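Residue numbers (the working numbering), protein chains in the order written: chain A, 1 to 273; chain B, 1001 to 1562.
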């Protein structure tokens, strides 16, 4: 692990250039530029809001629906965009891999970092909105960097695993896209966890609640939305969830690097044709 | 070390029964500061070997030990993005090649300077020509810090000037004591640059040792297998149908290229009075005398001298190779060569002259002073805008009035008021009472043709139809244009009562290519064309000899040591 960190540090300029390239390609030509990083997630939230809150009259007891929605859609968008873009990144950059020498996971890392930068504006919007609507933020907001880091590491690890497999198994891209859609609808993004509790058996509900994807979402809400933790506190033991989350994060990270280590020398062979 | 390529399931079943070993037990030591050339046929494993040395491929067995920072160059401009500017791409590409942001920022000016892209550096890369991309790509590498450079064929791309510039830089690297590992099919390149060669075949090391011996072994290898015999060797038989008509890149004018094994010391223009000049009268003899110094003995060089118009139009560029001379060897020390033009049929104006000493196959110059010298041709200008002053005579058949071309000093003036022919081939002008019935090109037997050999006699025969008794200052004007629209020369004669006119070239020295003739009738009283037929007539020139440029100028070569 120390080797990886040293590797990243010595070639940090390359990562920077790769991230910059990604952002420049995305924003340097459109007239509205970086504003799109605000506009797109807000439009997504608007659509969800109209459909679920206005048409279907969905209500959530844990927090105002708009905030409830934003706190799910924004971090999810970051995760989902990163994983989808990173899965194909090794194959798409096969010329780079074939013709130059650098740790290939940089390509995945750069995609995740570019999407992180892309995510920060909407995160800021979410925090400001929560602060205004709820007249204040919970003290847990100080844990935001930690939650963000955990999410980044999980995103990067999964993205790297998918990217490495995608080199050989090209069906994976579609499987990943489908799985992400399913996963989004299964996590309590636009419905209350109490609705889920009513529908599932207690054991299944526990599994549902403590799986890392629901877990990190609940953490985001707890630290950004005032009163959220009190609203779910009866059901949700944060320590258990945090433990599971850290274990999961560590496990996928280690799995990703073990897989990378075993594949890195043969990737180029498979990309050659 | 060895390298095996894995196979996908299907391919393995259907096509190959065993794994493919691209390299087998290659054991190589390379000394610091050594230039190693790797040669071999396509598929011999050269690129695989280089990729392993550069670290982009991992060996299946064995390992590579490197004594410094290695840069692998398998393609110029890796990771270039069309939407980013040239400068942004410098940082991206440089970072991929392993340079830090700080290093690139420090060398940015040097890189931009070397690339000669000027203000283009801030334009998106998508707007660049292929040549500009290559220049930028190489400029980045040329300015990076490294100890070992691995180059795979990349320098085979680009035009002659680009290759020269690259070669020069590689020589610099060699002098700086950097280790170079190079593959290329350009054997001259290898012969001139390498200290040692390695010959690979079917993934195995066939030879490792002195350059000349290795190259010879490789040539023998090529000749023993029928498949490689009979490839076109440069010149094809039969008639040449076109020549190079433009300079490669006028933005490189005033530069010196080449490996400098021979350096050009002085270049002098000498006129018919044996005086050193920089201006010469049109139609008079001109000698270009070049003194050079060879550092060491050099085999099979070529000499070349080329004349261009300032806009890059190629006037004429003979070299000793085209002219069939074989200069076996130049010994070290001072020597000279000279080119005598018997008559310089260039129109008055400013010209740029390139002087070069080339290697055997004109891949990389020893010394190439590109567009380096200014030559001014003086004298009366009979065809404004054109750059040729080829002698001709005119004839008006009916009046029995015989006008001779101006160069004999008789009775031939500019058309009053006529300045430049309209550029390109604009709209035609017609007149109710005046018409050019026909314009034919006749050969020496009087047969109408439209393909001529360079230096054949050609007669333009023009038939008019006119009924304008009041007009007596009409001129028939014919302009010869190249197919690409470049105006070469204009000819004119006064229109009298007769209908038949002729322009006679005792020798038409135009070099191979397509030409078009624009014919018009100029009214000198009204200063306008009454009839104008842009590019209406065309003919083709062919030649039995290869040459560059537009006009053949009779010449002779001479060389020797001093």
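Don't be surprised by glycine CBs; every beta carbon is placed ideally from N, CA and C.
Model, not experiment: these values are computed from the prediction.
- Taking a contact to require three or more Cβ pairs closer than 8 Å, the region 1108-1121 of chain B and the region 1063-1077 of chain B do not qualify as touching.
- Contact annotation: residue 160 of chain A and residue 270 of chain A have beta-carbon atoms that are not nearer than 8 Å.
- A distance below 8 Å separates the beta carbons of residue 1549 of chain B and residue 1316 of chain B.
- Neighbours of residue 13 of chain A in chain B, taken as residues whose beta carbon is under 7 Å from its own, are 1095, 1100, 1101 in chain order.
- Every beta strand (DSSP E) of 3 residues or more that sits fully in the region 1322-1390 of chain B is shown, in chain order, as 1333-1341, 1349-1358, 1365-1378.
- Bridge partners of residue 1319 of chain B according to DSSP: B/1304.
- In the three-state reduction of the DSSP assignment, residue 1490 of chain B falls in the strand class.
- The beta carbon of residue 1149 of chain B does not come within 8 Å of any beta carbon belonging to chain A, so the residue lies off that interface.
- Within the region 80-95 of chain A, 93, 95 place their CB atoms closer than 9 Å to a CB of chain B, listed in sequence order.
- In this structure, the CA atom of residue 1368 of chain B is about 11 Å from the CA atom of residue 1362 of chain B.
- In the DSSP assignment, residue 1281 of chain B falls within the unbroken beta strand (DSSP E) covering 1279-1281.
- Cα atoms of residue 1304 of chain B and residue 1552 of chain B: separation of roughly 14 Å, rounded to the nearest angstrom.
- Non-local beta-carbon contacts of residue 1520 of chain B in its own chain, meaning distances under 7 Å to residues more than five positions away in sequence, involve 1477, 1529, 1531, 1532, 1533 in chain order.
- At least one beta carbon of chain A lies nearer than 8 Å to the beta carbon of residue 1075 of chain B.
- Around residue 88 of chain A, the same chain offers 163, 166, 173 as residues with beta carbons nearer than 8 Å, after the five sequence neighbours per side are excluded.
- With distances taken between CA atoms, residue 1527 of chain B lies nearest to B/1471 out of B/1114, B/1171, B/1471, B/1249.
- At least one CB atom of chain B sits nearer than 8 Å to the CB of residue 102 of chain A.
- Think of a sphere of 9 Å around the beta carbon of residue 185 of chain A: no beta carbon from chain B falls inside it, the nearest being about 35 Å out.
- In the three-state reduction of the DSSP assignment, residue 1078 of chain B falls in the coil class, being assigned neither a helical nor a strand state.
- Within the region 1049-1083 of chain B, the residues whose Cβ lies closer than 7 Å to any Cβ of chain A are, in chain order, 1054, 1055, 1056, 1057, 1058, 1072, 1074, 1075, 1078, 1079, 1081, 1083.
- For residue 1092 of chain B, the nearest beta carbon of chain A is closer than 8 Å to its own beta carbon.
- Residue 1030 of chain B is positioned such that its CB atom lies no closer than 8 Å to that of residue 1197 of chain B.
- Neighbourhood of residue 265 of chain A in chain B, by CB distance below 7 Å: 1058, in chain order.
- In summary, the residues of the region 19-53 of chain A whose CB is separated from some CB of chain B by less than 9 Å are 20, 21, 24, 25, 28, 29, in the order they occur in the chain.
- Partner residues in the beta bridge of residue 1246 of chain B, as assigned by DSSP, are B/1313.
- Below 8 Å, enough C-beta pairs join the region 1027-1042 of chain B and the region 1168-1185 of chain B to call them touching: three or more.
- Contact between residue 1100 of chain B and residue 1125 of chain B is absent: CB atoms are separated by about 22 Å, not below the 8 Å threshold.
- Under the DSSP assignment, residue 1555 of chain B falls in the beta strand (DSSP E) whose first and last residues are 1555-1561.
- Take the alpha-carbon of residue 1140 of chain B and the one of residue 1118 of chain B: they are about 15 Å apart.
- Per DSSP, the unbroken beta strand (DSSP E) holding residue 1500 of chain B starts and ends at 1500-1508.
- Rounded to whole angstroms, the separation of the alpha carbons of residue 1142 of chain B and residue 97 of chain A is 21 Å.
- Inclusion of residue 1169 of chain B and residue 1077 of chain B in the CB contact set at 8 Å is not warranted, their separation being larger than that value.
- With a threshold of 8 Å between beta carbons, residue 7 of chain A makes no contact with chain B.
- In the displayed model, residue 1202 of chain B falls within coil according to three-state DSSP, outside both helix and strand.
- 264: these are the residues of the region 241-264 of chain A whose beta carbon lies less than 9 Å from some beta carbon of chain B, given in chain order.
- Excluding sequence positions up to five before and after residue 1194 of chain B, its CB lies within less than 6 Å of the CB of 1035, 1037, 1211, all in the same chain and listed in chain order.
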